[in-house]
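Numbering (the numbering used here), first residue to last: 1 to 368.
Here the structure comes first, spelled out in structure tokens, and everything after it is commentary.
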Amino acid sequence: MAPFNSTPQSRPHHLPAFRRKEGPPKKKKKFRTMKDVMKTAKRVAIPREDYSKLTCKICGSGEKDEEMLLCDGCDNGFHMMCLRPVVVRVPIGSWYCNKCHDHHPTPVVKKFTQRKIMDFFRIQKSAMKCISPEVSRRQRKRTRPLVLQKKSRKLLPYIPTEDHNRRSKQMESLASALINLKLEFSNELTYFLGMAPKSANQSKFESDGMQVMSKEDMRTLEKCKAMSERGEYPPLTVVFDALEGYTVEVDAPIKHMTFVAEYTGDVDYIRNRANDDCDSMMTLLLASDPLKSLLICPDKRGNITRFINGINNHTEEGRKKQNLKCVRYSVKGECRVFLVASRNIGKGERLYYNYNGYENAYPTHHFV
1 MAPFNSTPQS RPHHLPAFRR KEGPPKKKKK FRTMKDVMKT AKRVAIPRED YSKLTCKICG
61 SGEKDEEMLL CDGCDNGFHM MCLRPVVVRV PIGSWYCNKC HDHHPTPVVK KFTQRKIMDF
121 FRIQKSAMKC ISPEVSRRQR KRTRPLVLQK KSRKLLPYIP TEDHNRRSKQ MESLASALIN
181 LKLEFSNELT YFLGMAPKSA NQSKFESDGM QVMSKEDMRT LEKCKAMSER GEYPPLTVVF
241 DALEGYTVEV DAPIKHMTFV AEYTGDVDYI RNRANDDCDS MMTLLLASDP LKSLLICPDK
301 RGNITRFING INNHTEEGRK KQNLKCVRYS VKGECRVFLV ASRNIGKGER LYYNYNGYEN
361 AYPTHHFV
């Protein structure tokens with residue numbers, strides 16, 4: 001037996017040499033620049049040790065701390081009434097001041113398949129038929145009166161966008177805005193247990209009476225309802241503005257006296273909402289008995305009217321922006337609220353109406 005040797009022995013000459021296969025050279029890891037990191041990084045404000053001496057960044061006052069908003073970006077305080085536009089209720093979720101808003105991503109319009117659009121807006125599948133522009137024009141032409149009349153104040157039906165893709169984008173913008181605010185789509189008044197029952201909504205309770213919708217306007221309303229059930233809505237797009245928040249833009253010209261939309265949401269007694277901070281409540285019924293007065297509150301359910309803003313009716317410039325009027329009608333004995341074009345509206349205009357059409361109690365002097 002050969003003696004044990006702890007020293008490493010050389011490889012015998014008759015054995016082949018094995019070499020480790022060398023793969024392709026590893027790519028050097030590419031690091032993002034600080035600018036790219038800051039675009040996606042979440043802004044975190046270091047909380048203060050003591051908020052008792054917090055003051056408004058605009059007016060410098062520390063009073064009315066119950067109306068003070070804290071920016072989730074810089075942690076500074078702002079009075080709701082000092083901001084422009086004024087914030088009339090505490091925002092849902094995170095809130096950023098105008099300076100920090102540029103570093104915070106704006107809401108993105110989500111993409112929806114046709115099936116999801118139909119489910120979201122509860123569109124009947126049998127009604128989703130592509131109508132050619134020629135047939136659509138012929139149908140509208142047949143509805144016109146044969147006898148020309150003098151000046152008329154009758155409601156006109158809206159004309160939906162004929163391009164199917166463009167109409168889908170309009171509906172996507174509305175669906176995205178509703179989802180971002182955690183609202184459910186509803187194109188009619190809704191009644192729930194614990195609120196006002198449907199039997200309370202009767203136009204005969206109106207203190208000064210309410211105008212009754214004519215038969216011809218009823219036919220216009222029914223036509224618009226049939227179009228909406230087919231997924232044919234007014235040519236409107238919901239957009240997000242850094243100052244105004246969500247607002248509505250016109251995607252095609254709208255004629256004077258055109259029916260735009262019905263104001264929808266949950267119906268409740270005004271007395272139940274005395275301390276409610278919802279900024280979109282609409283008067284539905286002003287009864288001789290104040291306990292029977294009703295309002296519409298779209299804080300959980302609503303349609304595109306939820307995003308139409310009000311004017312500053314204390315300035316001449318604000319009043320010029322108004323292009324819609326709010327009209328209350330008695331429809332089959334029930335109170336309804338409609339938004340109607342108060343003048344010809346061009347493509348690209350934003351929709352505005354007077355919040356104080358029936359009452360002068362809403363503070364609009366801070367509106368843009």
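Glycine residues also receive a C-beta, built at the ideal position from the N, C-alpha and C atoms.
8 Å Cβ cutoff met for residue i and residue j
i, j, result
"residue 341", "residue 225", "no"
"residue 160", "residue 235", "yes"
"residue 100", "residue 73", "yes"
"residue 233", "residue 170", "yes"
"residue 183", "residue 302", "yes"
"residue 296", "residue 327", "no"
"residue 77", "residue 70", "yes"
Euclidean distance between Cα positions of residue i and residue j
i, j, result
"residue 351", "residue 227", "21 Å"
"residue 278", "residue 115", "32 Å"
"residue 165", "residue 237", "13 Å"
"residue 199", "residue 335", "11 Å"
"residue 346", "residue 281", "27 Å"
"residue 249", "residue 187", "19 Å"
"residue 320", "residue 354", "11 Å"
"residue 288", "residue 75", "47 Å"
"residue 213", "residue 202", "14 Å"
"residue 110", "residue 190", "27 Å"
"residue 162", "residue 339", "22 Å"
"residue 140", "residue 215", "With a pLDDT of 48 at residue 140, under the threshold of 50, the predicted position of this residue should be treated as unreliable, though the coordinate-derived value follows. Whole-angstrom Cα-Cα distance: 18 Å."
"residue 348", "residue 315", "23 Å"
"residue 218", "residue 332", "10 Å"
"residue 330", "residue 204", "9 Å"
"residue 323", "residue 197", "33 Å"
"residue 343", "residue 299", "29 Å"
"residue 263", "residue 61", "38 Å"
"residue 370", "residue 87", "Residue numbering for the chain in the displayed model covers 1 to 368; residue 370 lies beyond these limits and cannot be assessed."
"residue 178", "residue 276", "20 Å"
"residue 246", "residue 59", "26 Å"
"residue 271", "residue 180", "29 Å"
"residue 223", "residue 53", "59 Å"
"residue 211", "residue 274", "27 Å"
"residue 244", "residue 209", "35 Å"
"residue 325", "residue 240", "22 Å"
"residue 251", "residue 167", "10 Å"
"residue 66", "residue 94", "17 Å"
Collapsed DSSP secondary structure at residue i in the structure displayed
i, result
"residue 192", "coil"
"residue 71", "coil"
"residue 295", "strand"
"residue 325", "strand"
"residue 335", "strand"
"residue 220", "helix"
"residue 202", "coil"
"residue 330", "strand"
"residue 101", "helix"
"residue 32", "coil"
"residue 371", "With the chain represented from 1 up to 368, any question about residue 371 goes unanswered, as that position is not in the structure."
"residue 307", "helix"
"residue 227", "helix"
"residue 120", "helix"
"residue 284", "strand"
"residue 236", "strand"
"residue 208", "coil"
"residue 130", "Per-residue confidence for residue 130 stands at a pLDDT of 48, beneath the threshold of 50, marking its modelled position as unreliable; no derived number is given."
Buried versus exposed call for residue i [16 or more other C-beta atoms within 10 Å across all chains shown]
i, result
"residue 79", "buried"
"residue 143", "Since pLDDT at residue 143 reaches only 47, below the 50 mark, its modelled position is unreliable, and the value read off the structure follows with that caveat. Label assigned to residue 143: exposed."
"residue 63", "exposed"
"residue 306", "buried"
"residue 193", "exposed"
"residue 292", "buried"
"residue 98", "exposed"
"residue 31", "exposed"
"residue 261", "buried"
"residue 206", "buried"
"residue 290", "exposed"
"residue 34", "exposed"
"residue 51", "exposed"
"residue 172", "buried"
"residue 265", "buried"
Rounded distance between the beta-carbons of residue j and residue i, thought under 8 Å
i, j, result
"residue 284", "residue 259", "No, residue 284 and residue 259 are not in contact; Cβ-Cβ is about 18 Å, not under 8 Å."
"residue 123", "residue 230", "7 Å"
"residue 68", "residue 153", "Residue 68 to residue 153, Cβ: 48 Å. No contact."
"residue 308", "residue 174", "Wrong, their Cβ atoms sit about 12 Å apart, outside the cutoff."
"residue 294", "residue 267", "6 Å"
"residue 121", "residue 185", "6 Å"
"residue 176", "residue 107", "7 Å"
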